[in-house]
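Trainee: Residue numbers (our numbering): -17 to 371. Even for Gly, the Cβ is constructed at its ideal location relative to N, Cα and C.
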Amino acid sequence: MKIEQRYFESLLEEGSEEFELIFRSLFKEKYENLYALLEDTDAFNEPMICSAFSTEINIPVEQMVLGFLEPIPSKINAISNKHGVVHIPKVGYFYTNEPNENLEIRIKNNTSFTVFKSDREIALVSFKEEVYISDTDIEICRSEDESIIQFFPDQTENIELEKGLEKSVLHLNNAYHLIKKHTPFYAEWLNYTMRRIVLFTSSQLNSFASICTLNNAYINLNNEKVSDIFFLEEITHQCGHALFYPMSIDRDKLFIMDYTTPMSHFSGIETDDRDLINAFYSFFPQYTGNYIFDVILDNEENLDEDSRLELIGRYAFRMYKYGLGIYQYQEYSDRILSEYGKEMFAIFREGYEKLYEKRKELFDSLDIKDQVYVFDLEKFKSKNLQKTI
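1. Sorted by chain position, which residues of the same chain lie with C-beta nearer than 6 Å to Lys64's C-beta, five sequence neighbours on each side aside?
2. List the whole-angstrom C-beta distance separating Gln268 from Arg300, where the pair is believed to meet the contact cut-off of C-beta under 8 Å.
3. What is the rounded straight-line gap between the Cα of Phe109 and the Cα of Gly250?
4. Please list the terminal residues of the continuous alpha helix (DSSP H) segment that includes Leu203.
5. Using a Cβ-Cβ cut-off of 8 Å (strictly less than) and excluding sequence neighbours within five positions of Asn79, which residues of its own chain qualify?
6. Contact check, Tyr168 vs Ile179 under 8 Å by CB: the rounded distance?
7. If you count every other CB in all the chains shown that lies within 10 Å of the CB of Phe98, and 16 or more means buried, which is it?
8. Could you spell out the range, first to last residue, of the alpha helix (DSSP H) harbouring Gly305?
9. In angstroms with no decimal places, state the Cα-to-Cα distance between Glu139 and Asn204.
10. Is the region 144 to 161 touching the region 207 to 218, taking contact as three or more C-beta pairs under 8 Å?
11. Which parts of the region 241 to 283 are runs of the alpha helix (DSSP H), unbroken and 4 residues or longer, counting only runs that do not cross its ends?
12. Measuring CB atoms only, is the region 243 to 262 touching the region 290 to 306, in the sense that at least three cross pairs come out at less than 8 Å?
13. DSSP three-state label for Ser185, please.
14. Can the beta-carbon of Val113 be found less than 8 Å from the beta-carbon of Ile120?
15. Looking only at C-alpha atoms, which of Tyr355, Ile294, Phe265, Phe262 sits nearest to Val277?
16. Quick one: grab the DSSP three-state call for Val180.
17. Of the residues Ser125, Arg296, Thr93, Phe95, which one's Cα is nearest the Cα of Lys145?
18. For Arg290, I'd like the list of residues in its chain whose CB is within less than 7 Å of its CB, leaving aside the five on either flank, ordered along the chain.
19. Taking Cβ to Cβ, would you say Ser100 is nearer than 8 Å to Ile141?
20. Assign Glu66 to one of three DSSP states: helix, strand, or coil.
21. What separation, rounded to the nearest whole angstrom, lies between the Cα atoms of Leu258 and Lys324?
22. Would you call the CB atoms of Phe237 and Ser320 closer than 8 Å?
23. Should Asn173 and Leu187 be called a contact, given that it needs their Cβ atoms to be closer than 8 Å?
24. Considering just the uninterrupted stretch of the alpha helix (DSSP H) at Glu111, what are its terminal residues?
25. Is it right to say Tyr200 is buried, meaning 16 or more other beta carbons lie within 10 angstroms of its own, or is it exposed?
26. Which residue's Cα is closest to the Cα of Arg102: Arg88, Ala25, Glu28?
27. What three-state label does DSSP hand Leu372 in the structure shown?
28. Classify Glu292: buried if its beta carbon has 16 or more other beta carbons within 10 angstroms, exposed otherwise.
29. Among the residues of its own chain, which have a CB less than 8 Å from the CB of Gly74, if the five just before and after it don't count?
30. List the whole-angstrom C-beta distance separating Pro29 from Thr195, where the pair is believed to meet the contact cut-off of C-beta under 8 Å.
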């Protein structure tokens, strides 16, 4: 199978440029003087800025853009989170003992920072630099801000971003470099689009991406034994969604009816709470992600047996869900999709069919019927460990 690389790459570039122009226009209209200082920077791809205009989060604009400014101003307003941490993109994390406070950060010689509350200098517990996936500009988030917290309104437990980073950074790097080694075009897409990955812990949410914080992905580590293959799946899944948002920026072009219509309207399955667009969004991460899994399964010589077994299990379960989605959508596609949408859907369907045909014997031999939405490796092992795979 060959992926339709040029087709999707063109959509990615065009959609990303259009999103950037939208946020440039919104920012210029509201902060004209500040815009002049940011015009030649990458600030308008910052997820905080997207979130500020999408959901009106309460983060001072100077806090969002300080890291993109030259020269750096002598002081900015900032807001700490419930842990007393202030995150300034491209600068780092300021740790204080002042949770949920309006603060002022004063800067001397572009390098020396002091923090004030009501004109009183407060003790800075520590400063930590941002951590990035190696050889990329994709940050692994240390602590939450309002652009992140907005997705956890009923969260009762600590989402533990810093703990997630500490236990995961090696595996996340390894997964990215597996992608870069075997499908370098996809690594280029990630570098072009992604700005931040949030590793959180929650019993209330699955991993996700959101059009309200473009260029960002959220990966749930709850009850997960993190591994290179776990992150291979999550990168290709959640970052796949983030890549597809600009590719599908003209959502109306895909459909001949309201894309917010529930899928249950067609299927009669009342528990299916997805709408047409969100169901369609699932296909691109499956199309590209399963292709990447397949290439790695064919070509990676350094997988140990545990990693290979996990790769096969996750791949098989992804293909199972991919096929269900394809055949459900196929049944109603003439009533849902425009000709343009049908052309794209045909690419996704053909991708599924070619991968399934290639590995049919393997997929059909595996027992995955007890798997639910989130893959359970131990359950897969208990059902399949004795099989020759």
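Mentor: Well, looking at it:
1. So the list reads Pro81, Asn82, once near-sequence residues are dropped.
2. 6 Å
3. Their backbone Cα atoms lie some 54 Å apart in a straight line.
4. No residue range can be given for Leu203, since it is assigned to no alpha helix (DSSP H) and is classified by DSSP as neither H nor E.
5. Taken in chain order, the residues that qualify are Gly66, Ile104, Ala105, Val107.
6. In fact, because the Cβ distance is near 15 Å, the residues do not count as touching under 8 Å.
7. exposed
8. 287 to 318
9. When rounded, the distance between both Cα atoms is 11 Å.
10. yes
11. 246 to 249, 258 to 263, 265 to 281
12. Cβ pair count under 8 Å is below three, so no.
13. Three-state result, Ser185: coil.
14. no
15. Ile294
16. Strand, per DSSP.
17. Distances from the alpha-carbon of Lys145 to those of Ser125, Arg296, Thr93, Phe95 put Ser125 closest.
18. none
19. no
20. The sequence shown places Gly at residue 66, not Glu. Gly66 falls in the coil class under three-state DSSP.
21. 13 Å
22. Cβ atoms of Phe237 and Ser320: closer than 8 Å.
23. Contact: no.
24. Counting along the chain, Glu111 falls outside any alpha helix (DSSP H), and DSSP gives it neither H nor E.
25. buried
26. Looking at Arg88, Ala25, Glu28, the one whose alpha-carbon comes closest to that of Arg102 is Arg88.
27. No information on residue 372 is available, as it lies outside the stretch -17 to 371 that the chain covers here.
28. buried
29. Taking Gly74 as the centre and dropping the five residues before and after it, the same chain places the C-beta of Phe109, Lys110, Glu111, Glu112 closer than 8 Å to its C-beta, in chain order.
30. 4 Å
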